[in-house]
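Each protein sequence line maps, in turn, to chains A and B. Oh and the first sequence: position 296 is 296 in the numbering used here, straight run, nothing missing. Plus 413 on top of the position in the second sequence (first one is 1) and you've got the numbering used here. By construction, the Cβ of each residue, glycine as well, lies at the ideal position given by its N, Cα and C atoms.
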Amino acid sequence: MIYQIMAITLKELKVLWLDREALALLFAMPVFFILVMSFALEGVFEAGSKGHPIEILVIRPDGDPLVDQAIADLKRMEGLILIETYEGVPLTADRAEQLIGRGVYPLALFFPERYAEQVLINSKDPPKEKPIVYLISDPAMNLQLLATVKGAIQGAIERRVLLARIPQRLKEMFGTFEGMEGQLAEMLGDTNAGERARSGVDFVHAFPKGFSVKRRPTATEQNVPAYTIFGVFFIVLTLASSFLQEKKDGTFQRILAAPLSKTALLIGKLLPYYLVNLIQIVVMFCIGVVVFGIRLGHLPALIILSLALAAAANGLGLLVAALGKTEPQVNGLSVLLAITLSALGGMMVPTFIMPDLMKTLSLFTPHAWALAGYHDMIIRGLGAKKVLTEVAILLGFASLFFVIALWRFRFDE
Amino acid sequence: MMTFILTVEDLWKRYAQTDAVRGLTFEISKGEFFGLLGPNGAGKSTTIGLLSGLIEPTRGHIAISGFDLFSSPMKAKAKLGLVPQSFALYPTLCARDNLVFFGRIYGLKGKRLKERITRVLEIVQLTDRAHQTVATFSNGMKRRLNIAAGLLHEPEILVLDEPTVGIDPQSRNAILESIHSLNQSGVTVLYTTHYIEEAQRLCDRVAILDQGKIMALDTPTRLIQDLGRGMIEIEFNAGIDDRLLDQMKHIGAIRVADDQKRRIHIETDRTDQVSREVLELMKTRDGALKSLDISEPNLETVFIRLTGRNLRD
């Protein structure tokens, strides 16, 4: 059986190799997307706009008037949604970090206990003990988007700090001036207020606990895995067409008339496409490393995730081969699935800026799980154990595709 | 004692509401050249699909060289060589690479594989084209390579499904010669065709198949002797009237072959005499007769007698 599987695999590789244009397309397409989309579309996304607001988790002490004011200011900002409870329960620091770590939300804002008190105590120059406000972000978050959102949040918070501290400092210097607070508040109600008084609060940006990221992700680190996955799933078209061609040419008939099990036939047919997928992944990530200087993170995690991803792509290919009865059907279905699932899975637009319904739907694509896994490794620096969930889900998708494909596959057509 | 290479017993295949194959029963002896003759849609390809294990039957038994195709499929399949109606080759590979692949899936390897490839290329006279890409082959060459692929593992029975369809007469003749030589060298052959002359020229026995059923099975000579009658096919320039039709009926057993009553067939053992009578009668109908063809008894007339239709209908 092994000998027959190898015979089919070698034949298939030879046939693939001879159709170099088709093979080149499998590689050229994701490379093209990685290069062009990374360079050209950086910053194009509209995340943070009114139509695509950013959701920010807020962890705050109760009854702090300064925090109340800062949050009220942030809530008034266009393009931001502040979330203080999750599933009806007020957020804790651990829960928020967990949600960020899992990629459910992109950002969290932590106000310390006794925030207002610390701000007011330290109104003297130079402040001795500044309160620290933490902004925790998903390491996979777009860098430019993060900078913009961070600047807006920091500005709003520091403006409130300034407004809170100035009357006290004036009192300390000149005694009480009735009605002065209101006028000062109005006078300083511009957006540059924070810039003029940065000393009242420390603003620290960090990643969730357990992430060994020492630096921020680049657009390429996000795009290379995304377009690699996009390219990997284009194997569906090549694989399904190959089955259809064999049926059309009658070679399938001849193979099935041989003393060969259907299992051996399918393994032999799928193995070369699986190998092509793995080579695709290696090539794409090499381009990422060589051209863009991305760091691959933990290699074992990368390997097991890539193996699972290629299995899911091959399973989908077999499913299309089982469902498509004619060339136009196979072509149409392959392209439809490759594009739709990629878009839905966050290959083109990050899922966290999608509406809730789309976010939920993305969980039903292998693409989203593969991308989450790659981001866990490359950007969040997680090891093999941490991506086992994604690997298991990808293998689940692969199994589901294979089971349906084998149920629907007609050898005798 | 007679050795049967292929035994088929009460074989049925039903698709939705249609029985494509209806209770086929026959045996093929070692070294025999057996023909399945029938028009398109008679069930020949379905029968080949069933015999080569590609299609599961609704019921029935098939044994190849004593191995039951359903309980010992691997052993049974190893004894059968299939030459499908389609070319069943990889057009981007060269002839040798195609044969290497098909040989390997039958378990051939190393020196044995090389020897067999050399031998089958000699049989189909394609040795000098071994390294040429199949896409550049003529249809005749593809047909020959198709046969070579079926012969690689030295099957005990070679099943050929209409192997001369779509090729020029010269290539067709070369293929028929090759198959005949193979049979002479001891290879058992099951051959499907809708060409009467091929069946008559090559087959030791012929099963006439129509609508999935064997209508008759015997040597071509006996079939023609027992069932064949001469055939006169008459074509008129316009549909004939009832009076002329009645007059024709007095001459012999006639069958109107089309709705417009422009063609009639007369079956007879006395073709010369009947054709003279027809021509005499037509003298009174100046210009009505378009053509008159006389066929001596053959497998085509046997088929018409059995089914009421032409093989090429």
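Where residue i falls: helix, strand or coil (DSSP)
{"i": "L467/B", "result": "coil"}
{"i": "F417/B", "result": "strand"}
{"i": "V687/B", "result": "helix"}
{"i": "T351/A", "result": "helix"}
{"i": "M554/B", "result": "helix"}
{"i": "C286/A", "result": "helix"}
{"i": "G381/A", "result": "coil"}
{"i": "T191/A", "result": "Annotation note: pLDDT 44 at T191/A (below 50); position unreliable, no value reported."}
{"i": "A433/B", "result": "strand"}
{"i": "E55/A", "result": "strand"}
{"i": "F480/B", "result": "strand"}
{"i": "Q613/B", "result": "helix"}
{"i": "T577/B", "result": "coil"}
{"i": "R80/A", "result": "Before going on, a small fix: residue 80/A reads as Leu here, not Arg. DSSP places L80/A in strand when its eight states are reduced to three."}
{"i": "R427/B", "result": "strand"}
{"i": "H367/A", "result": "helix"}
{"i": "K524/B", "result": "helix"}
{"i": "K490/B", "result": "helix"}
{"i": "A70/A", "result": "helix"}
{"i": "T632/B", "result": "coil"}
{"i": "I304/A", "result": "helix"}
{"i": "I653/B", "result": "coil"}
{"i": "F446/B", "result": "strand"}
{"i": "Y604/B", "result": "strand"}
{"i": "K325/A", "result": "coil"}
{"i": "K455/A", "result": "Because chain A spans 1 through 413 in this model, residue 455/A falls outside it and cannot be assessed."}
{"i": "T546/B", "result": "strand"}
Beta-carbon neighbours of residue i, restricted to chain A and to distances below 7 Å
{"i": "K555/B", "result": "Here the premise fails: no neighbours, minimum Cβ distance about 11 Å."}
{"i": "P497/B", "result": "G250, Q253, R254"}
{"i": "M487/B", "result": "P259"}
Classification of residue i by the beta-carbon crowding that lies within 10 angstroms, buried from 16 upward
{"i": "W17/A", "result": "exposed"}
{"i": "N650/B", "result": "exposed"}
{"i": "F401/A", "result": "buried"}
{"i": "A193/A", "result": "In this prediction, A193/A scores a pLDDT of 45, lower than 50, which makes its location untrustworthy; the coordinate-derived value is nonetheless stated afterwards. Under this definition A193/A is a buried residue."}
{"i": "P470/B", "result": "buried"}
{"i": "T605/B", "result": "buried"}
{"i": "N453/B", "result": "exposed"}
{"i": "S594/B", "result": "exposed"}
{"i": "W369/A", "result": "buried"}
{"i": "C286/A", "result": "exposed"}
{"i": "N314/A", "result": "buried"}
{"i": "K457/B", "result": "buried"}
Identified DSSP bridge partners for residue i
{"i": "M644/B", "result": "E680/B, S708/B"}
{"i": "I441/B", "result": "L419/B"}
{"i": "K626/B", "result": "D623/B"}
{"i": "Y86/A", "result": "V89/A"}
{"i": "I667/B", "result": "I679/B"}
{"i": "Y134/A", "result": "F110/A, V204/A"}
{"i": "H474/B", "result": "E422/B"}
{"i": "R618/B", "result": "F447/B"}
Residue i: contacting residues in chain B (beta-carbon distance under 8 Å)
{"i": "L18/A", "result": "T505, L506"}
{"i": "L414/A", "result": "Given that chain A is displayed from residue 1 to residue 413, the structure contains no residue 414/A and the question cannot be resolved."}
{"i": "V15/A", "result": "Y503, T505, L506"}
{"i": "Q4/A", "result": "R517, I518, G520"}
Chain B contact residues for residue i, given Cβ-Cβ distances below 9 Å
{"i": "P366/A", "result": "The contacting residues do not exist; P366/A stays about 31 Å from chain B at best."}
{"i": "I8/A", "result": "F514, R517, I518"}
Interface flag, residue i vs chain C, CB-CB below 9 Å
{"i": "A240/A", "result": "As a matter of chain content, chain C is missing from the structure shown, whose protein chains are A and B."}
Partner residues on chain B for residue i, Cβ-Cβ distance less than 7 Å
{"i": "A258/A", "result": "K490, I518, Y519"}
Contacts that residue i makes with chain A (C-beta to C-beta distance below 8 Å)
{"i": "G466/B", "result": "L256, A257"}
{"i": "L539/B", "result": "What L539/B touches in chain A: nothing, since even the nearest Cβ is about 17 Å away."}
{"i": "F500/B", "result": "D249, G250"}
Chain-ordered chain A contacts of residue i [CB-CB under 9 Å]
{"i": "A562/B", "result": "R254"}
{"i": "L493/B", "result": "A257"}
{"i": "D510/B", "result": "K11, K14"}
Inset, instruction - Could you tell me whether the region 219–236 of chain A touches the region 490–498 of chain B, using the rule of 3 or more Cβ pairs below 8 Å? - result: no
Legend entry - Three CB pairs or more closer than 8 Å across the region 261–280 of chain A and the region 1–18 of chain A: yes
Inset, instruction - Determine, using beta-carbon pairs with one atom in the region 247–263 of chain A and one in the region 301–318 of chain A, whether at least three such pairs fall under 8 Å. - result: As far as the Cβ criterion goes, the region 247–263 of chain A does not touch the region 301–318 of chain A, which means the pair count is below three.
Inset, instruction - Would you check if there are 3 or more beta carbon pairs closer than 8 Å linking the region 434–441 of chain B to the region 584–599 of chain B? - result: Touching, no.
Inset, instruction - Evaluate the contact criterion for the region 370–386 of chain A versus the region 555–568 of chain B: three or more CB pairs, one atom per stretch, below 8 Å. - result: no
Inset, instruction - Report yes or no: do the region 161–168 of chain A and the region 91–99 of chain A share at least 3 C-beta pairs separated by less than 8 Å? - result: no
Inset, instruction - Determine contact between the region 655–675 of chain B and the region 598–618 of chain B, defined as no fewer than three beta-carbon pairs at a distance below 8 Å. - result: no
Legend entry - Cβ contact (3+ pairs, closer than 8 Å) linking the region 699–715 of chain B and the region 644–658 of chain B: yes
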